[in-house]
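Visitor: Last residue of the sequence shown: 215 (our numbering), numbering continuous.
Yeah, the Cβ is synthetic: ideal placement off N, Cα and C, and Gly gets one too.
Computed from a prediction, not measured in an experiment: that's the story for all the values here.
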Amino acid sequence: MSADEQKTQTETELHDTDSVVDTEASSQDAAAEATAETSSADVSIEDLVNQLAANQEEITKLKDAVIRSEAEMQNVRRRAEKDVEAAHKFSQEKLIKELLPVIDNLERALEASTGEEVGAAKAVLEGVELTHKSFSDTLVKASVVAINPVGETFDPQLHQAMSMVPNPEVPANTVMAVVQKGYSLHGRLVRPAMVMVSSGGPAVSGNNIDETA
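#1: Specify the secondary structure class of residue 114 as computed by DSSP and reduced to three states.
#2: Under 7 angstroms Cβ to Cβ from residue 133, same chain only, skipping five residues before and after it: list those, please.
#3: Considering only C-alpha positions, which residue in the set 199, 184, 181 is nearest to residue 166?
#4: By the DSSP assignment, the beta strand (DSSP E) with residue 120 in it spans what residues?
#5: By alpha-carbon positions, which one of 94, 72, 82 ends up nearest to residue 140?
#6: For the structure I just gave you, are there three or more beta carbon pairs, one from the segment 140–152 and one from the segment 179–194, closer than 8 angstroms?
#7: Is there contact between the segment 58–76 and the segment 105–125, where contact requires at least three CB pairs shorter than 8 angstroms?
#8: Alpha carbons only, please: which of 169, 168, 176 is nearest the one belonging to residue 157?
#9: In terms of residues, what are the limits of the beta strand (DSSP E) holding residue 93?
#10: Considering only residues of the segment 123–205, which uninterrupted beta strand (DSSP E) runs meet the minimum length of 3 residues and lie entirely inside it, listed in chain order?
#11: Given this structure, state the Cα-to-Cα distance separating residue 66 from residue 59, to the nearest angstrom.
#12: How many angstroms separate the CA atom of residue 55 from the CA atom of residue 78?
#13: Pull up the CB-CB distance for residue 187 and residue 61, whole angstroms please, since I reckon it's below 8 angstroms.
#14: Pull up the CB-CB distance for residue 112 and residue 131, whole angstroms please, since I reckon it's below 8 angstroms.
#15: Among the residues of its own chain, which have a CB less than 7 angstroms from the CB of residue 115, if the five just before and after it don't count?
#16: Do residue 201 and residue 174 have their beta-carbon atoms positioned less than 9 angstroms apart in this structure?
#17: Who are the Cβ neighbours of residue 91 in its own chain at under 7 angstroms, not counting the five residues just before and after it?
#18: Taking Cβ positions, are residue 192 and residue 163 nearer each other than 9 angstroms?
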């Protein structure tokens, strides 16, 4: 082989070697780029997952806040409805208190009757009876209930003791007489019953009496 041929062969081999080296370098660069892209994609997915979890937590908090707000609004609405109902029920309480002395006087007039009235006196008595009945019916329609606890155990929530009466035949703490009836409106006490209470005889379960109540 001549010197020129050897030179040409050597150059060809060197060129082939450079091509192989370039190819390997390109492959390594491509692999490095692919690895970098994969790592970047992994980081992006992790960020998205974390952000999604944070968003879901925030949504849960907002839902809880909405539920609490709705519950509070319902409570406010119910309280307002109860207040309106109570205001409607007891709006006439003051007027009823002022009218009670009228029915007291009518009842006193009937109690003072001997049953032997004649003529004009009898007519007046009949008029009082009719007025009393009409008045009583009107109070009942307005949900006003009379408290007339003769024979019942004294209850300081409903009764006011005017005096204690010794009586061994009546159990202690028992209402013996009603000086003035009490009245309630829709279950709320408007006026306590003024009563006389037994202090003698066998004791019965009940409440202690406070005459100054």
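Guide: Checking against the coordinates, here is how it stands:
#1: For the purposes of this step, residue 114 is identified with residue 112 of the sequence shown, where counting begins at 1. DSSP places residue 114 in coil when its eight states are reduced to three.
#2: As a first step, residue 133 must be located in the sequence shown, where it is residue number 131. 108, listed in sequence order.
#3: On the sequence shown, position 164 is the one that residue 166 refers to. Closest by alpha carbon: 199.
#4: In the sequence shown, residue 120 corresponds to position 118, counting from 1. Taken as a continuous stretch (DSSP letters only), residue 120 belongs to no beta strand (DSSP E), as it is neither H nor E.
#5: For the purposes of this step, residue 140 is taken as residue 138 along the sequence shown, with counting starting at 1. Selected option, being the one with the closest Cα: 94.
#6: yes
#7: No contact exists between the segment 58–76 and the segment 105–125.
#8: The residue you call residue 157 lines up with position 155 of the sequence shown. Ranking 169, 168, 176 by Cα distance to residue 157 puts 176 first.
#9: Here residue 93 refers to the residue found at position 91 when the sequence shown is read from its first residue. First-last for residue 93: undefined, no H or E at that position.
#10: Taking only runs of at least 3 residues, the beta strand (DSSP E) segments lying wholly in the segment 123–205 are 146–149, 161–167, 177–182, 184–187, 190–193, 195–200.
#11: Within the sequence shown, the letter at position 64 stands for residue 66. Within the sequence shown, the letter at position 57 stands for residue 59. Taking the straight line joining both Cα atoms gives about 11 angstroms.
#12: Taking the sequence shown and counting its residues from 1, one reaches residue 55 at position 53. Taking the sequence shown and counting its residues from 1, one reaches residue 78 at position 76. Going from the Cα of residue 55 to the Cα of residue 78 covers about 35 angstroms.
#13: Counting from one through the sequence shown, the residue named residue 187 turns up at place 185. Counting from one through the sequence shown, the residue named residue 61 turns up at place 59. The C-beta distance from residue 187 to residue 61 rounds to 51 angstroms, too long to fall under 8 angstroms, and the pair is not in contact.
#14: Walking along the sequence shown from the start, residue 112 turns up at place 110. Walking along the sequence shown from the start, residue 131 turns up at place 129. Correct: roughly 7 angstroms between the Cβ atoms.
#15: The residue you call residue 115 lines up with position 113 of the sequence shown. If we look at residue 115 and ignore the five residues flanking it on each side, its Cβ neighbours are 127.
#16: Against the sequence shown, residue 174 aligns to sequence position 172. Against the sequence shown, residue 201 aligns to sequence position 199. In contact: residue 174 and residue 201 (Cβ atoms closer than 9 angstroms).
#17: Translated into the one-based positions of the sequence shown, residue 91 becomes position 89. Cβ neighbours of residue 91 beyond the five flanking positions: 188.
#18: By 1-based counting over the sequence shown, the position of residue 192 is 190. By 1-based counting over the sequence shown, the position of residue 163 is 161. Not closer than 9 angstroms, so no.
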